[in-house]
Amino acid sequence: MKRQQPQWNTLLRELANKSLFPDALQVYLQMLRSGSAPNAFTFPFALKSCAALSLPFTGKQLHCHVLKTGCSPEPFLLTSLISMYCRLGSVESARQVFDENRHSSKLTVCYNALVSGYALNSRAKDAVLLFRQMREFGVAINGVTILGLVPVCGVPGSLELGMAVHGCCVKLGLDVETAVGNCLLTMYAKCGEIGCARKWFDEMPRKGLITWNAMINGYAQNGLANEVIQLYMQMEASGFRPDPVTLVGVLSSCANLGAHTFGKEVERRIEACGFGYNPFLSNALINMYARCGNLKKARDIFNGMPVKSVVSWTAIIGGYGMHGQGKTAVELFDDMIRSGIRPDGAAFVSVLSACSHAGLTDSGLNYFEVMQKQYGLQPGPEHYSCVVDLLGRAGRLYEAQKLIESMQVKPDGAVWGALLGACRIHRNLELAELAFERVIELEPTNIGYYVLLSNLYTDTGNKEGIINVRMMMRERKLRKDPGCSYVEFKGAFFTMSRMKREEEAKSWGCLTEFQKIRPSVVSFIIPILLHQRKGKLKEKPYGIDFRGFHEMRSCETSK
DNA sequence: GTAGGGTTAG
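If you count the first sequence from 1, position 284 lands on 284 in UniProt numbering, and the numbers rise without skipping.
Put into C-alpha cells, the structure is as follows:
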C-alpha cells in the first residue's frame, strides 16, 4: 500500500515522540525511496532523531536535503537545525544557521535553541552574551529561555550569575512557573548553596513532584543524607507519591548512612509501585546493599538485571572492594570487559581501590597502565590517590612519592593524604612530614591529617612532634570533631554527635540508668528520647519498648 | 500535524 505524504509525516512524528529514533530515521529513508518529498513538517523529527542518535554526518546530509527541497527557512525548521547542531556539538554550525537567517532569528524560539545549545556545550559566556542580546534587541524572553540558560550557572562559584538570572526571572514574572522554579532550585543546589536552595524551595508557591525531587537530590548530591530522609518523609506526608527519581536520591543517602533497614523499606516501596525494572533504581539498590555490607543481596539484584551498564558493574565491583573481597572485585572487572562493556574513569576507581584494599599491588598497577594505554583515559586525582595508597600499603613509599611528583594534574588532598596514611603504617617520619606539609596546604582544616601525624609521633615516641601538632591545631582553632552516630529505630532515623548526646544525656539525668542496661545501647537511646521529647510520642523516656532494639543498626563514622 | 526546557544511579 502506498502511503501519502502526510501519513509519512504522522508516522515519523509518532516514532520520534516515542523516542524510537532508529525507526524514525528508517521511516524517513523509506519515505525518500517511495518518492514522497519531505517538507517542513518532516524535517524537525528527522533532525531530532539524528541528534538523539549522535549522527553528525547524517545530520549534515539532512541539512543539505533541507536546502535542496527549498523549504522556506521558517522558525520551526531553523530551531530544529540549530538544536540538532548544538546537540551534536557543532555550535559553530548552529550559529551559522542562526546568523544566515537574521530576519527570522528575531524570534524567541531560535534564540532559545541557541542559548541552551551554548549551555549544553559549556559555553557559559556565549550563552549569557546571547541572553543579554535578547534583552537589548527586545526579543521576548520566556520560561524556556531561562530553562536553557540556568544550567550554565549550576557550577560551584557561579552563584552571583545565578542570582542575577533569578532576579531577572522575578522582574519578568517567570519565577512563578514551576519549571523555572525547579530549574533555579537545581542551580542553587549545584552551586553548593544548599541553604539558598532550601530557602527558595520553601518560598516556591507551587511545588510539584519534580520540585520535591530536585530538593531531595540536591541534598543527596551535597552529602546531606539525613536531610534527604527527612524531606522524603515530609514529602510522603504531604501526599506526594515518589517516582523512581525520588527513590534514587533516597537510596543513595541510605547507602551513605549505612541505613540498611530504611533501604530495605525503600526496596519494598519500589516493588509495590512497580518500579522494579528501572535500571537507575537497580543500580542505586546495588550500591545501597553493597555499602551496607549486604553483598549477597547486592549480587542478587546485579545478577537479575537483564541489561547491566557500566554503572551497575562499578557499583558491585566497588561493593566487593570496599569489604576486602578484592579478588572477586578484580574477577568481576575482567568479566565486565569480556562482556563488552567499556570501563570509564569511575569503573577504574572502583577496581583500583579494590586492589589497594586487598593488597593486590601488581594487579592494581597493571590496571592503572591499562586504563591509560588501552583505554586512553586520563587519570584524575581520584585515580592517583588509589595508586598512591596501593604503593604505600605495599611499603613502596618512594615510588608513591615519585608518582605524585610526576602527575600531570594537580594533586589534591586525598593524594598526599594517602601517602601520609602509608607513612604512618610504615613509620616513615621524614616522608610523613613532607606529605603533611603538602596536604595541609590543600586542606588546612581537615583534622584527620593532624590526627594521623600526631599518631605517628606517638608510635615513634616523638613527644616534641606531638606538642607541635597540638600547637598547630590550637593556632588554627581546630578541635577534633566528635564522631557522628547514625541510628535507625523502627524505621525512624536519627543522628547525633557524641558530645551533644552526652550533654543531652546529662540533662535527662538518665545516662547512668541506661548504662546499667547495656553501654552500647546508650548511643541509640538518647536520640530516641530526644525524638520523643520533640515529637508526638508522649511516652515517658523509660517506657521505651526495648524489644525493638534488634531492628537497629548503627554505624560510627568520623568526619 | 511542526521547534526550544526542568529532577535520576557508580
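Glycine included, every Cβ here is placed at the ideal spot set by N, Cα and C.
Reference residue i, options the options, closest by Cα
{"i": "tyrosine 219", "options": "Ile210, Val250 and Met305", "result": "Val250"}
{"i": "threonine 211", "options": "Met233, Leu224, Leu184 and Lys190", "result": "Leu184"}
{"i": "phenylalanine 280", "options": "Asp243, Trp416 and Val91", "result": "Asp243"}
{"i": "glycine 143", "options": "Gly276, Ala124 and His166", "result": "His166"}
{"i": "threonine 357", "options": "Arg123, Ala422 and Gln408", "result": "Checking the sequence, you will find histidine at residue 357 rather than threonine. The shortest Cα separation from histidine 357 among Arg123, Ala422 and Gln408 belongs to Ala422."}
{"i": "residue 583", "options": "Glu92, Pro44, Phe348 and Gly395", "result": "In this structure the chain extends from 1 to 559, so residue 583 is not present and cannot be described."}
{"i": "glutamate 437", "options": "His426, Arg427, Ile425 and Leu419", "result": "Leu419"}
{"i": "glutamate 271", "options": "Lys296, Ile301 and Gly258", "result": "Ile301"}
{"i": "leucine 77", "options": "Ala24, Met471 and Phe98", "result": "Phe98"}
{"i": "methionine 371", "options": "Val469, Ala394, Asp334 and Ala400", "result": "Asp334"}
{"i": "threonine 10", "options": "Phe45, Ser34 and Cys196", "result": "Phe45"}
{"i": "tryptophan 416", "options": "Ile404, Ser252 and Gln408", "result": "Ile404"}
{"i": "glycine 326", "options": "Asp362, Met305, Leu88 and Ala52", "result": "Asp362"}
{"i": "asparagine 39", "options": "Asp23, Ser83, Cys169 and Trp8", "result": "Trp8"}
{"i": "methionine 288", "options": "Ala255, Glu265 and Trp200", "result": "Ala255"}
{"i": "proline 75", "options": "Ala113, Asn182, Ile216 and Gly173", "result": "Ala113"}
{"i": "glycine 181", "options": "Gly340, Leu429, Leu147 and Arg396", "result": "Leu147"}
{"i": "arginine 396", "options": "Gln408, Gly359 and Met407", "result": "Gly359"}
{"i": "glycine 162", "options": "Val170, Val150, Gly173 and Lys171", "result": "Val150"}
{"i": "glycine 392", "options": "Asn226, Leu431 and Pro411", "result": "Leu431"}
{"i": "alanine 94", "options": "Lys463, Tyr85, Met407 and Pro444", "result": "Tyr85"}
{"i": "asparagine 462", "options": "Glu433, Arg123 and Ile440", "result": "Glu433"}
{"i": "isoleucine 286", "options": "Tyr320, Glu136 and Glu92", "result": "Tyr320"}
{"i": "glycine 460", "options": "Pro444, Leu429, Arg479 and Val439", "result": "Residue identity check: residue 460 is threonine in the sequence provided, not glycine. If we check each option's Cα against that of threonine 460, Leu429 comes out closest."}
{"i": "tyrosine 375", "options": "Leu224, Asp23 and Ile337", "result": "Ile337"}
{"i": "aspartate 175", "options": "Trp200, Gly195 and Lys402", "result": "Trp200"}
{"i": "valine 409", "options": "Ser282, Pro379, Glu399 and Pro56", "result": "Pro379"}
{"i": "aspartate 389", "options": "Glu92, Cys273, Tyr367 and Ala414", "result": "Ala414"}
CB-CB length for residue i against residue j, believed under 8 Å
{"i": "tyrosine 111", "j": "methionine 134", "result": "5 Å"}
{"i": "isoleucine 447", "j": "tyrosine 457", "result": "So it is not a contact: roughly 15 Å between Cβ atoms."}
{"i": "valine 351", "j": "alanine 329", "result": "6 Å"}
{"i": "glycine 263", "j": "alanine 290", "result": "11 Å between Cβ atoms; not a contact."}
{"i": "cysteine 191", "j": "valine 155", "result": "7 Å"}
{"i": "alanine 284", "j": "serine 253", "result": "Actually they do not touch by this definition, with Cβ atoms about 10 Å apart."}
{"i": "threonine 186", "j": "arginine 206", "result": "So it is not a contact: roughly 16 Å between Cβ atoms."}
{"i": "aspartate 225", "j": "leucine 257", "result": "Checking the sequence shown, residue 225 turns out to be alanine, not aspartate. Right, their Cβ atoms sit about 5 Å apart."}
C-beta atoms of residue i and residue j nearer than 8 Å
{"i": "proline 343", "j": "valine 311", "result": "no"}
{"i": "serine 36", "j": "glutamine 5", "result": "yes"}
{"i": "leucine 120", "j": "serine 80", "result": "no"}
{"i": "alanine 127", "j": "valine 152", "result": "yes"}
{"i": "arginine 424", "j": "asparagine 455", "result": "yes"}
{"i": "histidine 260", "j": "cysteine 292", "result": "yes"}
{"i": "methionine 471", "j": "tyrosine 450", "result": "no"}
{"i": "serine 34", "j": "lysine 68", "result": "no"}
{"i": "leucine 12", "j": "tyrosine 28", "result": "yes"}
{"i": "alanine 51", "j": "leucine 88", "result": "yes"}
{"i": "cysteine 355", "j": "glycine 364", "result": "yes"}
{"i": "aspartate 412", "j": "proline 381", "result": "yes"}
{"i": "alanine 189", "j": "glutamine 221", "result": "yes"}
{"i": "glutamate 193", "j": "leucine 231", "result": "no"}
{"i": "threonine 145", "j": "valine 115", "result": "yes"}
{"i": "proline 56", "j": "serine 19", "result": "no"}
{"i": "aspartate 23", "j": "leucine 32", "result": "no"}
{"i": "leucine 295", "j": "tryptophan 313", "result": "no"}
{"i": "serine 339", "j": "methionine 305", "result": "no"}
heavy atom of the ligand PLP below 7 Å from residue i C-beta
{"i": "valine 330", "result": "The model on display carries no ligand, and the ligand PLP is accordingly not part of it."}
(message) At 4 residues or longer, what runs of the alpha helix (DSSP H) sit wholly inside the region 81-114?
(response) Fully enclosed alpha helix (DSSP H) runs of 4 or longer: 91-100.
(message) Could you tell me which whole alpha helix (DSSP H) segments of length 4 or greater appear in the UniProt repeat "PPR" (4-38)?
(response) 5-17 and 21-33
(request) Taking only runs that begin and end inside the region 408-442, name each unbroken alpha helix (DSSP H) of 4 or more residues, in chain order. (result) 413-425 and 429-442
(message) Ignoring anything shorter than 3 residues, give me the beta strand (DSSP E) runs that lie fully in the region 146-209, in order along the chain.
(response) none
(message) Report the start-end ranges of each alpha helix (DSSP H) in the region 231-259 that is 4 residues or longer and not cut off at the edges.
(response) You should have 244-257.
(request) List in chain order: all unbroken beta strand (DSSP E) runs of 3+ residues lying wholly within the region 342-403. (result) none
(request) Run through the UniProt repeat "PPR" (309-343) for me and flag every whole alpha helix (DSSP H) of 4 or more residues, listed as ranges in chain order. (result) 310-322 and 326-338
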